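> Numbering (mature numbering (1 follows the signal peptide of the UniProt record, and there is no 0)), first residue to last: -16 to -1, 1 to 140.
The beta-carbon is built from N, C-alpha and C at its ideal position, and this holds for glycine as well.
Since the structure is predicted, the reported quantities are computational estimates derived from the model, not experimental observations.
Input: one structure, supplied below.
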Amino acid sequence: MYFLVLLTVFLHCIQTYQFPSSHIDWCLYFQRLQIYKPECKFYDDVDLHVEREIRAKPISRPFQQALVVIQMQQCSAHYMYCTANYQCGPDQLRCIDMIRYRECCAPSRRECPPVTHLNFRCIVSEPVSWCDEDSDCHTTPQQRCCPTGCNYNICI
């Protein structure tokens, strides 16, 4: 008998709850479940407030994307924890900028950073490259062979 009452209450709750029609992103999902994810640690209440406002307004999808892209800046050369997300537009990922400690947008295919971003001081008299092509970098996170501006390449 107790089981039937519990089941009835549960079914009533499910029937009255309105499930959202739009998708929910990775960080928002885990935040609502109150599960800590290190890649979401910069996903603060301001972003949640902006996202709620955007979702609440009946605006077209292209305008919604343009509105959010204005808020998200491009990443510096050092970014991590990237996830696909509508906030950054097509062919881009939402990431954490590890220099500025904020969310940012980065290309889905990671390119070599500009030499000025790497901040190398050229003090090597006989430089030796770590790599000649991307396939030489299979053990690094981005698997990219990039120039340093000092006559040698490094894997990033």
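Please confirm whether ILE80 and MET64 have their CB atoms less than 8 Å apart.
Counting from 1 along the sequence shown, the entry for residue 80 is found at position 96. Counting from 1 along the sequence shown, the entry for residue 64 is found at position 80. Yes. Within cutoff.
> Tell me GLN132's beta-bridge partners as DSSP assigns them.
As a first step, residue 132 is located in the sequence shown; it is residue number 148 there, counting from the start. In the sequence on display, residue 132 carries Thr and not Gln. Answer is none; THR132 lacks a bridge partner.
> Going straight from the alpha carbon of GLY133 to that of GLN76, what length do you get?
Indexing the sequence shown from 1 puts residue 133 at position 149. Indexing the sequence shown from 1 puts residue 76 at position 92. The straight-line gap from Cα to Cα measures roughly 27 Å.
> For the alpha helix (DSSP H) holding TYR15, just list the boundary residues, first then last.
Your numbering for residue 15 matches position 31 in the sequence shown. Note that residue 15 is Gln in the sequence shown, not Tyr. Start and end: 10 to 16.
> Look up GLN58 in the DSSP assignment and give the residues it is bridged to.
To locate residue 58, count along the sequence shown from 1; it is residue 74. DSSP output for GLN58 lists CYS89 as bridge partner(s).
> In or out: ILE107 buried (at least 16 other Cβ within 10 Å) or exposed?
Residue numbering aside, residue 107 sits at position 123 when the sequence shown is read from its first letter. Classification for ILE107: exposed.
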